[in-house]
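Input: a single structure, listed below in structure tokens.
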Amino acid sequence: MKVALLDINVLLALFDSNHVESEKVWEWFREDCRHGWATCPITENGFVRIISQPRYPNPLSTTDAIERLRQATNSKYHDFWPCSRSILDPLLLNKEMILGPRQITDGYLLGLCINFGGRFITMDTGIQTKIVNGAKADDLVII
-15 MKVALLDINV
-5 LLALFDSNHV
5 ESEKVWEWFR
15 EDCRHGWATC
25 PITENGFVRI
35 ISQPRYPNPL
45 STTDAIERLR
55 QATNSKYHDF
65 WPCSRSILDP
75 LLLNKEMILG
85 PRQITDGYLL
95 GLCINFGGRF
105 ITMDTGIQTK
115 IVNGAKADDL
125 VII
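Below you can see the structure in the form of structure tokens.
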């Protein structure tokens, strides 16, 4: 089984027990985390940015969000993936298949998974593998 890059929405559900999808995400995570899970600068920054906003339903302070993420990533199952590809790389995204700007980050993250031999775990049903060159159905898991 491949290492799983967790999307921002998955991280939010893991760290916020009141998140509407928390139980479902934890059920998936308990079964799958032993195969390894990953974060990258985009998912870490996005998680901290969203969960520390005062308008978020159960906000954490920025300091608390960073510390909780730091503790979780100290797991032997965690990997950190640097964002080592550029969106300008013509081999990364199939730009003819991108329908709009909301697919850019998810497409980049799926492409990062292809680069690291992993899979992208999200709750976003709008992402399609065809926007990333070389992506296959098993590279994307929608919880």
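Residue numbering for the sequence shown follows the numbering used here, starting at -15 and increasing by one per position.
Glycine included, each C-beta is placed from N, C-alpha and C at the ideal position.
Keep in mind it's a predicted model, so treat the numbers as computed, not measured.
With residue i and residue j assumed to form a contact (beta carbons below 8 Å), what rounded beta-carbon distance in angstroms separates them?
{"i": "residue 49", "j": "residue 16", "result": "At roughly 23 Å, the Cβ-Cβ gap does not stay under 8 Å, so residue 49 and residue 16 are not in contact."}
{"i": "residue 146", "j": "residue 63", "result": "This structure gives no information on residue 146, because the portion of the chain shown stretches from -15 to 127."}
{"i": "residue 123", "j": "residue 98", "result": "6 Å"}
{"i": "residue 26", "j": "residue -4", "result": "In fact, because the Cβ distance is near 14 Å, the residues do not count as touching under 8 Å."}
{"i": "residue 65", "j": "residue 121", "result": "Contact flag wrong, Cβ pair sits at about 21 Å."}
{"i": "residue 115", "j": "residue 81", "result": "5 Å"}
{"i": "residue 42", "j": "residue 2", "result": "5 Å"}
{"i": "residue 96", "j": "residue 69", "result": "6 Å"}
Can you tell me whether residue i is buried or exposed, with buried defined as 16 or more other CB within 10 angstroms of its CB?
{"i": "residue 111", "result": "buried"}
{"i": "residue 71", "result": "exposed"}
{"i": "residue 84", "result": "exposed"}
{"i": "residue 107", "result": "buried"}
{"i": "residue 32", "result": "buried"}
{"i": "residue -10", "result": "buried"}
{"i": "residue 118", "result": "exposed"}
{"i": "residue 91", "result": "buried"}
{"i": "residue 55", "result": "exposed"}
{"i": "residue -8", "result": "buried"}
{"i": "residue 18", "result": "exposed"}
In three-state DSSP terms, what is residue i?
{"i": "residue 63", "result": "strand"}
{"i": "residue 50", "result": "helix"}
{"i": "residue 106", "result": "strand"}
{"i": "residue 56", "result": "helix"}
{"i": "residue 0", "result": "coil"}
{"i": "residue 128", "result": "This structure cannot speak to residue 128, because the chain is shown only from -15 to 127."}
Which residue or residues does DSSP assign as beta-bridge partners of residue i?
{"i": "residue 133", "result": "Nothing about residue 133 can be read from this structure; the chain reaches only from -15 to 127."}
{"i": "residue 77", "result": "116"}
{"i": "residue 21", "result": "-12, 62"}
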